[in-house]
Amino acid sequence: MNPFHLAVITAGVTQPSSTRLLADRLTAATVAALAPREVVVEVVDVREVAHDLTNTVLTGFASPELQVRLDAITEADAVVVATPIYAASYSGLFKMLVDVLPTDALRDTPVLLGATGGTARHSLAVDHALRPLFAHLGALVAPVAVFAASEDWGSTEAGRLGERIERAGRSFAALVTGQPRAERIDPFADVTPFAAPLAGARR
Amino acid sequence: MQFGIFTVGDVTTDPTTGRTPTEHERITATVAIAKKAEEVGLDVFATGQHHNPPFVPSAPTTTLAFIAAQTERILLSTSTTLITTTDPVRIAEDYATLQHLSDGRMDLMMGRGNTGPVYPWFGKDIRDGIPLAIENYALLHRLWREEVVNWQGQYRTPLQGFTSTPRPLDGIPPFVWHGSIRSPEIAEQAAYYGDGFFSNHIFWPASHTKQMVQLYRRRFEHYGHGSADQAIVGLGGQVFMRKNSQDAVREFRPYFDNAPVYGHGPSLEEFTRQTPLTVGSPQEVIERTLSFRDYAGDYQRQLWLMDHAGLPLKTVLEQLDILGEEVVPVLRKEFAALKPAHVPDAPTHASLLAAAGGGHDSTVHAVDDVTGASPEATQPTTLDRTRSTLEVSK
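Sequence order for the protein chains is A and S.
Take 1 as the starting number for the first sequence in the UniProt record's numbering and just add one per residue.
Take 1 as the starting number for the second sequence in the UniProt record's numbering and just add one per residue.
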């Protein structure tokens, strides 16, 4: 079987970047969920081609450095995106990359959405800004997206970020492979041993 | 192989002095540049067509006829003629007139050109750009080849019993190129008619030009006009030269950095690496130009853009001197040595005339609506019949 090509677009600009961190974790969760399928991951860090993006908007053609990245996105079997939320929407750099993608580059391509922001109050930007953008591009947008606020990185309790990432990766892998979803858990078929919730309560 | 220059006709501020030429200065400079091109031994001068500031050439045949009257040898062309928004009937008439006035020393290049707002000024819509280019040219093609045209299309009033005058000189329609930056449809159109294909070349990487030219060559052969390597290809180019490379770069950089189209974007170094722009010594220009053949094949016409981005007239004329004295003579020799015998030159009026086995006057004489008389009717029998008809009607 041919390897599965997963392109990852990350638009964080700081070093290190929480957006990149989210992108990497979404990627890892997707790759894990796709196992044992071989996955080739190609990461497009928008910062690395920031000048090239401006030039492309002005001249209409991409530099060789940008072109290989555009090709990777266009030819990918699925795409993971992660952008910081600035002023209630995706970052300008992120949008510039989307603007210079060839027409129909993402049509029918499964896309997993991820975004980061300073507080959880920005979380709806994923659904208000990112989702319509990718709907316009004709992508198959995964229903489960992940927004990571600053506080989510601080504790596993607060945002249950790890769980959300894992769930997003699993449902994305299901979408990508056309697998039927995991069987519903019958709450009567099995129970969580009482020690677990009890341990939580005591903590 | 033909070598020449093409101008967009932009009125641009000289970034080194802050001075913007007047329209009058720009128009007279265009004529001076064309005359200089002939003087230094170039083969072609082509002007653009635009209908909005900052451009001056809205009436290209007026300018070209004026130049034709003051030159002897140089071939006059366009870069490009707006086939989308210009009535093909006017193109047929204007350029046939230019053909007569210049004694066949002209051809023209079709282009879509234009930005969105320009189309509605001429009653058109940019979304119809490609269909307009296709339909309008199909009509123009007939207007020059058929004396009486009955025609109906989507984009202009129908024509019934229409004759475009003057008829082409010697019955030979002007040779047509189709210019394009990015549209494969235009390469296909050029191939279909067996016309020339001109790749703008200067804004985009060589890999793109290669794709477009290959498509045109392949389809030229498909339509039975000859083998792919016999197709008629033209390329744009952009150069700035000084004896020393560094001087050229230093002098041209402010013009590049502020140029319309690519200014304030990529660096001069990036753009010279990624597109055919060459800024350096005449020898560097020679080598770069010869390398175009590696991906475009043996081609027939090389035009350079020399007078843009606010470069002063004096500088442009100096550049033409260098081009004519140091670059083109070498290129002429080198390209000629490389070109196989079966690859034709670009058609000219003279070569098309020879191919047609000589010319014929194709004047269409009018028939008087009232008398039915025609200047063609000079033979006695016809004359008699006309006379008797008149007598009967009395």
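Note that beta-carbon positions come from the ideal geometry of N, C-alpha and C, so glycine has one too.
Identification of residues in the segment 191-204 of chain S having a C-beta nearer than 8 Å to some C-beta of chain A yields 203 and 204, given in sequence order.
If you check the CB distance, residue 276 of chain S and residue 235 of chain S come in under 9 Å. Residue 8 of chain S and residue 287 of chain S have their alpha carbons spaced roughly 25 Å apart.
The Cβ of residue 92 of chain A sits no closer than 9 Å to any Cβ of chain S.
Residue 30 of chain A has a beta carbon lying at 9 Å or more from every beta carbon in chain S. In the displayed model, residue 42 of chain A falls within a strand according to three-state DSSP. Check the Cα spacing between residue 289 of chain S and each of S/340, S/110, S/117 and S/202: the tightest is with S/202. Comparing C-alpha distances from residue 41 of chain S to each of S/213, S/15 and S/75 shows the shortest one belongs to S/75. By the neighbour-count criterion, in which 16 or more other beta carbons inside 10 Å mark a residue as buried, residue 282 of chain S falls on the buried side. Neighbours of residue 264 of chain S across chain A, judged by C-beta separation under 8 Å: 58. Between residue 177 of chain A and the set A/24, A/33 and A/12, the nearest pair of CA atoms involves A/33. Residues of the segment 208-220 of chain S with a C-beta atom less than 9 Å from some C-beta of chain A are 208, listed in chain order. Proximity of residue 64 of chain A to chain S, defined by a Cβ-Cβ separation below 9 Å, is satisfied. Residue 365 of chain S sits in coil when the DSSP states are folded into three classes, being neither helix nor strand.
Taking a contact to require three or more Cβ pairs closer than 8 Å, the segment 263-274 of chain S and the segment 51-70 of chain A qualify as touching. If you draw a straight line from the Cα of residue 78 of chain S to the Cα of residue 178 of chain S, it comes to about 10 Å.
Each of S/359, S/374, S/373 and S/368 was checked against the Cα of residue 173 of chain S, and the nearest Cα belongs to S/359.
Listed along chain S are 265, each with a C-beta nearer than 7 Å to that of residue 54 of chain A. Counting only runs of 4 or more residues that sit fully inside the UniProt domain "NADPH-dependent FMN reductase-like" (6-153) of chain A, the alpha helix (DSSP H) segments are 18-34, 50-59, 64-75, 92-100 and 131-136, in chain order. The Cβ neighbour count for residue 336 of chain S, taken over all protein chains shown within 10 Å, is under 16; the residue is labelled exposed.
Of the residues S/339, S/154, S/229 and S/304, the one whose Cα lies closest to the Cα of residue 84 of chain S is S/154. Secondary structure at residue 52 of chain S: coil, using DSSP grouped into helix, strand and coil. Closest in C-alpha terms to residue 48 of chain S, from the list S/366, S/152 and S/303, comes S/303. Between residue 97 of chain A and residue 44 of chain A, the gap from beta carbon to beta carbon is short of 9 Å. By the criterion of at least three beta-carbon pairs nearer than 8 Å, the segment 158-171 of chain S is not in contact with the segment 129-137 of chain S. Against residue 274 of chain S, the close residues of chain A are 63, in the order they occur along the chain (beta-carbon pairs closer than 7 Å). Under DSSP, residue 185 of chain A forms no beta bridge with any residue. Around the CB of residue 48 of chain A, fewer than 16 other CB atoms lie within 10 Å, so the residue is classed as exposed. Contact annotation: the segment 209-224 of chain S does not touch the segment 321-329 of chain S, with fewer than three C-beta pairs closer than 8 Å.
If one requires a minimum length of 3 residues, the beta strand (DSSP E) runs lying completely within the segment 123-180 of chain S are 149-151, 159-162 and 176-180, in chain order. Under a criterion of Cβ atoms nearer than 8 Å, the residues of chain A adjacent to residue 270 of chain S are, in order, 55 and 63. Taking the Cα of residue 172 of chain A as reference, the smallest distance to any Cα among A/4, A/132 and A/141 is reached at A/141.
Distance from residue 233 of chain S to residue 297 of chain S at the Cβ level is roughly 7 Å; contact confirmed, criterion being Cβ atoms closer than 8 Å. Straight across, the Cα-Cα distance linking residue 244 of chain S with residue 280 of chain S is about 7 Å. Taking 9 Å as the threshold, the shortest C-beta distance from residue 149 of chain S to chain A does not fall below it. About 20 Å separates the beta carbon of residue 123 of chain S from that of residue 80 of chain S, a gap too long to meet the 8 Å contact definition.
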